[in-house]
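Working notes, structure below.
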Amino acid sequence: MSHPFQESLKNIEQRLVELSKIVTSRQSQYTEDMFIDNDEFQRLMKISPGTATNWREQGLIAYSQINNKIYYKMKDVNKLLDDNYRPFKKK
């Protein structure tokens, strides 16, 4: 027979696991939908302003523009990297 304290502890552990899953899924969703500006994009990718412009003009990265300010969704940055991924080839 289980002790009530042990049952309560198991319920708390189960709830923590459920909450952890919720937090993890929301964090990844927030990160993917988050926007960064052009300066942050250039720092993140370690590229020059001209390279960022070329990538936009070539259609390599989706972006939003409001007046002279440019923004990128993190999911589009990840897509750029995924689309240009070259897997390691064994010799």
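Just so we're on the same page, our numbering is the position in the sequence shown counted from 1, plus 3. Even for Gly, the Cβ is constructed at its ideal location relative to N, Cα and C.
Looking only at 16, 80, 72, 88, the smallest Cα-Cα distance to residue 58 is reached by 80. In the structure shown, residue 76 falls within a strand segment according to DSSP collapsed to helix, strand and coil. Around the beta-carbon of residue 88, fewer than 16 other beta-carbon atoms lie within 10 Å, marking it exposed.
Judged by their CB atoms, residue 74 and residue 50 are not nearer to each other than the 8 Å cut-off.
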